[in-house]
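Asks: Going line by line, the protein sequences match chains A and B.
Counting in my numbering, the first sequence runs from 1 upward without gaps.
Counting in my numbering, the second sequence runs from 1 upward without gaps.
I have a structure I would like to understand better, so I am pasting it below and will then ask my questions one at a time.
Protein chains: 2
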Amino acid sequence: MGRVSDAKERLLEAVRELIWTGSYGSTTIDQICEKAGVKKGSFYYFFDSKAELAGVSLDLELSEKRPIWDGMFSPAVPPLERFDRLCDYLYEEQREKQERFGYVLGCPLFALGSEVCTLEAGLRVKIQEIFALWVMYLESAVREAHTVGAITASDAKATSQMLFAYSEGMMTQARILNDLNVLKGMSMGIRQILGVKPPVLVEV
Amino acid sequence: MGRVSDAKERLLEAVRELIWTGSYGSTTIDQICEKAGVKKGSFYYFFDSKAELAGVSLDLELSEKRPIWDGMFSPAVPPLERFDRLCDYLYEEQREKQERFGYVLGCPLFALGSEVCTLEAGLRVKIQEIFALWVMYLESAVREAHTVGAITASDAKATSQMLFAYSEGMMTQARILNDLNVLKGMSMGIRQILGVKPPVLVEV
DNA sequence: ATGTTTGTTGACCGAATGGTCAAATTCGAT
DNA sequence: ATCGAATTTGACCATTCGGTCAACAAACAT
Chain A
1 MGRVSDAKER LLEAVRELIW TGSYGSTTID QICEKAGVKK GSFYYFFDSK
51 AELAGVSLDL ELSEKRPIWD GMFSPAVPPL ERFDRLCDYL YEEQREKQER
101 FGYVLGCPLF ALGSEVCTLE AGLRVKIQEI FALWVMYLES AVREAHTVGA
151 ITASDAKATS QMLFAYSEGM MTQARILNDL NVLKGMSMGI RQILGVKPPV
201 LVEV
Chain B
1 MGRVSDAKER LLEAVRELIW TGSYGSTTID QICEKAGVKK GSFYYFFDSK
51 AELAGVSLDL ELSEKRPIWD GMFSPAVPPL ERFDRLCDYL YEEQREKQER
101 FGYVLGCPLF ALGSEVCTLE AGLRVKIQEI FALWVMYLES AVREAHTVGA
151 ITASDAKATS QMLFAYSEGM MTQARILNDL NVLKGMSMGI RQILGVKPPV
201 LVEV
């Protein structure tokens with residue numbers, strides 16, 4: 001078996017934080033090593049480039065997010081409520097980042113994808129795949145919401161596509177403006193795109 | 001007066017293309033100089049950092065775009081048609097970029113803003129200002145469209161804000177996927193957000 | 001205990017990077 | 001023609017960057 005180490009994990013954690021709080025291009029291997037407390041020799045023992053490290057960190061990101069998505073979009077949750085949970089989750093996530101780093105960081109995949117899509121084909125493809133998977137969650141919820149009769153939007157494919165663009169646009173705008181309040185309008189915007197029918201009011 | 005030169009303009013042109021086709025962080029001063037056909041000494045004669053050059057290039061971007069925006073959103077154009085013109089313009093712009101560079105490049109401001117907002121405060125502020133101006137065009141058109149009775153959306157502020165997030169999200173998605181077809185759905189999406197009332201059909 | 005595998009270290013390299021400068025050049029103005 | 005302002009040039013510098021390597025250390029298996 002030989003010697004054991006968590007240097008690999010520390011490198012992965014470091015690169016994620018550096019890219020998210022800064023950018024891919026401005027993050028150097030030296031920086032990553034320093035933040036991870038790992039010497040450069042060890043870096044090259046585990047990975048052979050920044051791009052490969054970032055690629056593995058995307059795998060990690062996906063494996064962490066999937067159970068969260070599965071929870072939010074569980075079939076046990078009424079379809080419309082899934083979107084509420086999503087908004088709450090995103091807001092809370094961003095609030096925490098702002099508290100910790102002083103910045104609203106937005107969506108790590110969208111920012112990274114936009115930055116490197118013309119430069120790092122491997123990363124671009126991985127990000128595309130994650131997005132395709134993510135849209136499946138949205139599409140399924142839209143379809144179910146429509147089946148249940150909760151929304152007017154009938155074209156699940158087109159609607160989920162709209163929701164994706166809108167929500168990512170909102171997250172990125174929040175990042176650029178460094179303003180959490182942007183996200184407060186997201187729930188309403190999503191409901192409008194979905195064409196949520198007004199709930200039956202109950203007298204108290 | 002002394003010697004005359006267009007080196008400054010060439011540098012501005014070079015940096016815009018390099019950032020747009022690649023990224024801010026991956027663009028070096030040496031690269032900019034080479035593409036502009038300018039020696040590094042001259043670069044530092046005109047600018048004192050990459051950030052300052054990028055800042056001036058944003059001023060240039062705005063001064064070029066304003067007349068285009070003024071044309072598309074002219075009061076002489078029916079409010080709803082302004083959005084059609086916008087979609088056509090964006091599609092044509094991206095089509096041209098893809099033909100020239102092999103990539104759909106998306107919105108240069110959104111991509112740059114997302115990349116540098118935590119790193120370059122000066123650029124972040126400038127981009128924020130341009131966005132604020134741009135949303136004014138959207139908001140005005142939404143307000144007029146509603147006044148004219150062409151759309152159901154009544155809250156011009158919230159609606160223009162949604163349009164902004166959605167359209168920027170679409171442009172960035174087109175960049176990440178390097179797919180022009182993404183943009184084909186934009187006109188419909190905008191109409192849905194606006195709540196465009198079905199036009200009165202005329203028998204032929 | 002001893003070899004074997006796995007991970008660590010620090011020194012090292014060449015290239016690229018941001019940045020400076022004094023000298024040379026080119027133009028407009030007088 | 002020539003003076004002065006505006007621009008160009010190429011050489012130069014220190015630092016940082018990505019990347020390599022041989023030697024070393026720690027764990028496990030036998």
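Idealized CB from N, CA, C, for every residue including glycine.
A quick note: this is a predicted structure, and the numbers were derived from the prediction, not measured.
(1) Per the contact definition of three or more C-beta pairs closer than 8 Å, is the stretch 103 to 110 of chain A in contact with the stretch 158 to 174 of chain A?
(2) Report yes or no: do the stretch 114 to 123 of chain B and the stretch 147 to 166 of chain A share at least 3 C-beta pairs separated by less than 8 Å?
(3) Select from the stretch 163 to 177 of chain B all residues with a C-beta closer than 8 Å to any C-beta belonging to chain A, and list them in chain order.
(4) Under 8 Å by Cβ, that's how I've got A14/B and I32/B pegged, so tell me the actual separation to the nearest angstrom.
(5) For the candidate residues K126/B, H146/B, L80/B, whose alpha-carbon lies nearest to that of S187/B?
(6) Is V116/B helix, strand or coil by DSSP?
(7) From the beta carbon of S114/B, is the nearest beta carbon of chain A less than 8 Å away?
(8) Counting C-beta neighbours from all protein chains within 10 Å, is the total for R205/A 16 or more, i.e. buried, or is it exposed?
(9) Could you name the residues of the same chain whose beta carbon sits closer than 6 Å to that of F46/A, not counting the 5 residues immediately before and after it, in chain order?
(10) Quick test of the definition: if touching needs 3 or more C-beta pairs under 8 Å, does the stretch 48 to 58 of chain B touch the stretch 67 to 75 of chain B?
(11) Measure the alpha-carbon distance for H146/B versus A174/A and round it to whole angstroms.
(12) Would you call the stretch 176 to 187 of chain A in contact with the stretch 94 to 103 of chain A, where contact means no fewer than 3 C-beta pairs closer than 8 Å?
(13) Let me know the secondary structure DSSP gives V38/B once reduced to three states.
(14) Quick one, are the C-beta atoms of A156/B and V196/B less than 8 Å apart?
(15) Are the beta-carbon atoms of T159/B and V142/B separated by less than 8 Å?
(16) Using a Cβ-Cβ cut-off of less than 8 Å, give me the residues of the stretch 125 to 142 of chain B that come near chain A, in sequence order.
(17) My guess is that Y24/B and E115/B are in contact by the Cβ rule of under 8 Å, so how many angstroms apart are they, rounded?
(18) Which one of S154/B, S140/B, Q128/B has the shortest CA to CA distance from D59/B?
(19) What are the uninterrupted segments assigned as alpha helix (DSSP H) that are 4 or more residues long and contained completely in the stretch 83 to 169 of chain B, given in chain order?
(20) For V135/B, tell me which candidate among Y91/B, L86/B, T172/B has the shortest Cα-Cα distance.
(21) Could you tell me which chain B residues have their CB closer than 7 Å to the CB of G149/A, listed as they occur along the chain?
(22) Measure the C-alpha to C-alpha separation of E139/B and L11/B and round it to an integer number of angstroms.
(23) Using DSSP with H/G/I as helix, E/B as strand and the rest coil, what is V15/B?
(24) Of the residues that make up the stretch 72 to 93 of chain B, which ones have a beta carbon closer than 8 Å to any beta carbon in chain A?
(25) How would you label T172/A, buried or exposed, when you count the other beta carbons within 10 angstroms and need 16 or more for buried?
(26) Based on Cα-Cα distance, which residue from E93/B, R124/B, Y137/B lies nearest to G22/A?
(27) Mind listing the chain B neighbours of S57/A? Cutoff is C-beta to C-beta under 8 Å, in chain order.
(28) For the stretch 10 to 26 of chain B, which residues have a beta carbon sitting closer than 8 Å to at least one beta carbon of chain A?
(29) Using 8 Å as the limit for Cβ to Cβ distance, is A54/A near chain B?
(30) Measuring straight from C-alpha to C-alpha, what distance separates I130/A and S42/B?
(31) Can you pull the chain B neighbours of G189/A, defined as C-beta to C-beta under 9 Å?
(32) Tell me the rounded alpha-carbon separation between S49/B and K40/B.
(33) Between the alpha carbons of F83/B and I190/B, how many angstroms are there, rounded?
(34) Under 8 Å between C-beta atoms, does C117/B make it to chain A?
(35) Please state whether the Cβ-Cβ distance between Q161/B and G185/A is less than 8 Å.
(36) Could you tell me whether the Cβ of G122/B comes closer than 8 Å to any Cβ of chain A?
Replies: Reading off the structure:
(1) yes
(2) no
(3) F164, A165, Y166, S167, E168, G169, M170, T172, Q173, R175, I176, L177
(4) 5 Å
(5) L80/B
(6) helix
(7) yes
(8) Residue 205/A lies beyond the stretch modelled for chain A, which goes from 1 to 204, so this question has no answer here.
(9) K8
(10) no
(11) 27 Å
(12) yes
(13) coil
(14) no
(15) yes
(16) I127, Q128, F131
(17) 5 Å
(18) Q128/B
(19) 108 to 116, 121 to 148
(20) L86/B
(21) The contacting residues do not exist; G149/A stays about 19 Å from chain B at best.
(22) 35 Å
(23) helix
(24) none
(25) buried
(26) R124/B
(27) Going along chain B, no residue has its Cβ under 8 Å from S57/A, so there is no contact; the nearest lies around 17 Å.
(28) T21, G22, S23, Y24, G25, S26
(29) no
(30) 45 Å
(31) A158, Q161, M162, A165, Y166, I193
(32) 11 Å
(33) 8 Å
(34) yes
(35) yes
(36) no
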